[in-house]
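Student: So the sequence shown is numbered by our numbering: it starts at 454 and just counts up by one.
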Amino acid sequence: MNSYIANCLCGAVALEIQGGIEAIIHCHCSKCRKSSGTAFATNGFIRSSGLRISRGEESIRSYETAPGRSKHFCATCASPLFSSNAADPERLGLRLGILDSTIVERPMSHNFVSSKASWEEMDVDLPRYDGHEPGR
Ligand SMILES: [Zn+2]
Ligand SMILES: [Zn+2]
């Protein structure tokens, strides 16, 4: 089974992820742009049961972006850690930039490209969708 390690920028919070990462996408939606401060956020899903907070649980704060949907981040350095959706408790969203492990999975598409930053040129050769990828 895949096992990955993630740490926030300041190191207060460490995560251990068991079971791999599914459906990795580059998301250009405005929520991802604003919460990351970058052109797009690279997000994947992990199993809720596969996440272990190995250090710094007391440093984790949450922001509810919509009813039942929360982003959890480090209170000290503001690194995004994971996101949760009460309607889909079996899985969590993960920002791949916080991983310190080499992963075997790869991004599969650019999503919400109609919301992309005007200055973003997008030269990566991946499928592009105006919303979620087909089937989500
Ligand atoms: Zn931190
Ligand atoms: Zn997004």
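Ideal placement from N, C-alpha and C gives every residue a C-beta, glycine not left out.
Predicted model only: the values in this text are computed from it and were never measured.
Quick one: does the C-beta of L468 sit closer than 7 angstroms to a heavy atom of ligand 1?
Tutor: Position 15 of the sequence shown, counted from the start, is the residue given in the question as residue 468. Checking every heavy atom of ligand 1 against the Cβ of L468, none is found closer than 7 angstroms.
Student: Between the Cα of G423 and the Cα atoms of L545, R522, A531 and S488, which residue gives the shortest distance?
Tutor: There is no way to answer for residue 423, as the model of the chain reaches only from 454 to 589.
Student: In the DSSP output, what is H585 paired with across the bridge?
Tutor: As a first step, residue 585 is located in the sequence shown; it is residue number 132 there, counting from the start. DSSP lists no partner for H585.
Student: Can you tell me whether DSSP reads S536 as helix, strand or coil?
Tutor: Along the sequence shown, read from residue 1 onward, the residue named residue 536 stands at position 83. In the three-state DSSP reduction, S536 falls in the strand class (E or B).
Student: Pick from I458, A465 and R581: whose alpha carbon is nearest that of E510?
Tutor: Residue mapping note: residue 510 aligns to position 57 of the sequence shown, counting from 1. That would be A465, whose Cα lies nearest to the Cα of E510.
Student: At 3 residues or longer, and completely inside the segment 497 to 561: list those beta strand (DSSP E) runs for me, N to C.
Tutor: The segment 497 to 561 contains these whole beta strand (DSSP E) runs: 504 to 508, 513 to 519, 522 to 527, 533 to 538 and 544 to 548.
Student: Hey, is the segment 515 to 527 in contact with the segment 470 to 481, meaning 3+ C-beta pairs nearer than 8 angstroms?
Tutor: no
Student: Just the C-alpha distance for Y457 and Q471, rounded to the nearest angstrom, thanks.
Tutor: In the sequence shown, the residue the question calls residue 457 occupies position 4. In the sequence shown, the residue the question calls residue 471 occupies position 18. Cα to Cα, the separation comes out at about 7 angstroms.
Student: Candidates A459, A492 and S488: which alpha carbon is nearest E573's?
Tutor: The residue given as residue 573 occupies position 120 in the sequence shown. Ranking the options by Cα distance to E573, first place goes to A492.
Student: Could you check the C-alpha separation between A531 and E586 for me, to the nearest Å?
Tutor: Position 78 of the sequence shown, counted from the start, is the residue given in the question as residue 531. Position 133 of the sequence shown, counted from the start, is the residue given in the question as residue 586. When rounded, the distance between both Cα atoms is 28 angstroms.
Student: I'd like the list of long-range same chain contacts for R581, defined as Cβ closer than 6 angstroms, with 5 residues on each side in sequence excluded.
Tutor: Here residue 581 refers to the residue found at position 128 when the sequence shown is read from its first residue. Within the same chain, R581 has close Cβ partners H563 and V566.
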